[in-house]
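FYI, the numbering for the first sequence is 291 to 557, going by this note's numbering.
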Amino acid sequence: VVSWNTLMSAYAKAGDMGVAQELFDGMPERNLVSWNALIAGYAQNGQSEKAFSIFSQMLASGARPDNTTLLSILSACTHAHSLDDSMVEQITSLARSANSVSVSTALLNLYAKIGRIKEAKEIFDRIPEKDLVTWNAMIAAYSQNRRPVEAIELFRVMQAMGFKPDSITMVSLIGSCSQMGALGLGEWVHAYIRKNSIELDVYLITALIDMYAKCGNLDRSHLLFSELHWKDLASWNAMINALAIHGKGDEALKIFSSMDLDGVLPN
RNA sequence: CUCGUCGCAGGC
Numbered sequence: 291v292v293s294w295n296t297l298m299s300a301y302a303k304a305g306d307m308g309v310a311q312e313l314f315d316g317m318p319e320r321n322l323v324s325w326n327a328l329i330a331g332y333a334q335n336g337q338s339e340k341a342f343s344i345f346s347q348m349l350a351s352g353a354r355p356d357n358t359t360l361l362s363i364l365s366a367c368t369h370a371h372s373l374d375d376s377m378v379e380q381i382t383s384l385a386r387s388a389n390s391v392s393v394s395t396a397l398l399n400l401y402a403k404i405g406r407i408k409e410a411k412e413i414f415d416r417i418p419e420k421d422l423v424t425w426n427a428m429i430a431a432y433s434q435n436r437r438p439v440e441a442i443e444l445f446r447v448m449q450a451m452g453f454k455p456d457s458i459t460m461v462s463l464i465g466s467c468s469q470m471g472a473l474g475l476g477e478w479v480h481a482y483i484r485k486n487s488i489e490l491d492v493y494l495i496t497a498l499i500d501m502y503a504k505c506g507n508l509d510r511s512h513l514l515f516s517e518l519h520w521k522d523l524a525s526w527n528a529m530i531n532a533l534a535i536h537g538k539g540d541e542a543l544k545i546f547s548s549m550d551l552d553g554v555l556p557n
């Protein structure tokens, strides 16, 4: 079984769900991990509907879902294009009774993605042993729902409780500063990043490029962009948008035409 | 052997 599971999840990770499904169907025996690997595969490949239908088959077969199953299903819900309310209620009631930090964090994230921020915060408050991922998820929830003030307030609480933030925390904070047009605060966060040697990855640099542009400091955006060596689609878009905001359409077009020289295709 | 958190733009 273990070898079949390993093989199946290798195909799932490679995005070949056709083969993964065939392996699952042809297995001499299945265990919980087999179900979990198949569901996780569909969830990770954006085929949420398939993940749900395998999940129902799993329940019908008498297998008991564990926390890993719930995490994959919650992830499928979070990335689904459309969700009916009865599905959400069913999954969330299962997830609420799981009493696990990771399941609660995934549930919090689902509520946030569907705009039910109040419920997300309730889940967050009830998690006794919050870890870094939990804090990051809630701060991101506020940032993504355009509630920058609450995001920053929660970061203060996180600090007061002695948690060390990472680059993911910083991306949400910088995003909040962009939304508020708060240059001073943005510069403070940038200084905090340097002082605490937080890793500057593409995500964080892109957030900084966007923040400086939206807060009126285009030169800093330019500088960060030129120092960024592995630019991806989002970082190019951020820089093009930065120039556009400042009325520099000609420069934006120039940057746009150098994208393909860098091997990135515009969207 | 399977699992939770992050950026730009666009669409609506």
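Yeah, the Cβ is synthetic: ideal placement off N, Cα and C, and Gly gets one too.
Keep in mind that this is a model prediction, so the values were computed, not measured.
Handout entry: Pick from Asn399, Asp374 and Gly316 that is closest to Trp294, judged by C-alpha positions
Key = Gly316
Practice task
Could you check what DSSP says for Leu543 in three-state terms: helix, strand or coil?
Solution key: helix
Practice task
Let me know the secondary structure DSSP gives Lys504 once reduced to three states.
Solution key: helix
Practice task
Identify, in the order they occur along the chain, each residue of the same chain with its Cβ nearer than 7 Å to the Cβ of Glu440, setting aside the five sequence neighbours on each side.
Solution key: Tyr432
Practice task
Out of Met298, Tyr482, Asn557 and Tyr493, point me to the one whose CA is closest to Val323's CA.
Solution key: Met298
Handout entry: Where Ser365 falls, given that 16 or more other Cβ within 10 Å makes a residue buried
Key = buried
Handout entry: Close beta carbons around Leu349, own chain, < 8 Å, minus the five adjacent residues each side
Key = Pro355
Handout entry: Close-in-space but distant-in-sequence residues of the same chain around Val378 (CB under 8 Å, 5 per side omitted)
Key = Cys367, Leu400 and Ile404
Problem - Under 9 Å between C-beta atoms of Ala524 and Leu508 - result: no
Problem - C-alpha gap between His371 and Arg484, whole angstroms - result: 38 Å
Practice task
Taking only the alpha-carbon atoms, compute the straight-line gap between Asp374 and Ser383 and give it to the nearest angstrom.
Solution key: 15 Å
Exercise for the section: Note the first and the last residue of the continuous alpha helix (DSSP H) segment covering Ser346. Expected result: Ser338 to Ala350
Problem - Extent of the continuous alpha helix (DSSP H) run through Ile442 - result: Pro438 to Ala450
Practice task
Tell me whether Thr504 is buried or exposed, calling it buried when 16 or more other Cβ atoms sit within 10 Å of its Cβ.
Solution key: Here residue 504 is Lys; the residue named in the question, Thr, does not match the sequence. Flag for Lys504 reads buried.
Handout entry: Unbroken alpha helix (DSSP H) run spanning Asn357, endpoints
Key = Asn357 to His369
Practice task
Let me know the alpha helix (DSSP H) ranges lying completely inside the segment 448-496, each 4 residues or longer, listed in chain order.
Solution key: 457-470 and 473-485
Exercise for the section: Compute the beta-carbon to beta-carbon distance between Gln434 and Ala402, rounded to the nearest angstrom, for a pair I have assumed lies under 8 Å. Expected result: 6 Å
Problem - Alpha carbon of Leu551 to alpha carbon of His512, nearest angstrom - result: 18 Å
Exercise for the section: Can you give me the Cβ contacts of Ala333 inside the same chain, cut-off strictly under 6 Å, excluding the 5 residues immediately before and after it? Expected result: Ala341, Ser362, Ser365 and Ala366
Handout entry: Cutoff 7 Å; reference Phe314; Cβ partners in own chain excluding five residues on either side
Key = Met298, Ser324 and Leu328
Handout entry: Inter-residue CB distance, Ile488 and Asp456 (contact presumed, cutoff 8 Å)
Key = 6 Å
Handout entry: Sub-9 Å separation of Leu468 and Ala497 beta-carbons
Key = Sequence check: residue 468 is Ser here, not Leu. Taking 9 Å as the Cβ cut-off, Ser468 and Ala497 qualify as a contacting pair.
Handout entry: Helix, strand or coil at His519 [DSSP, three-state]
Key = coil
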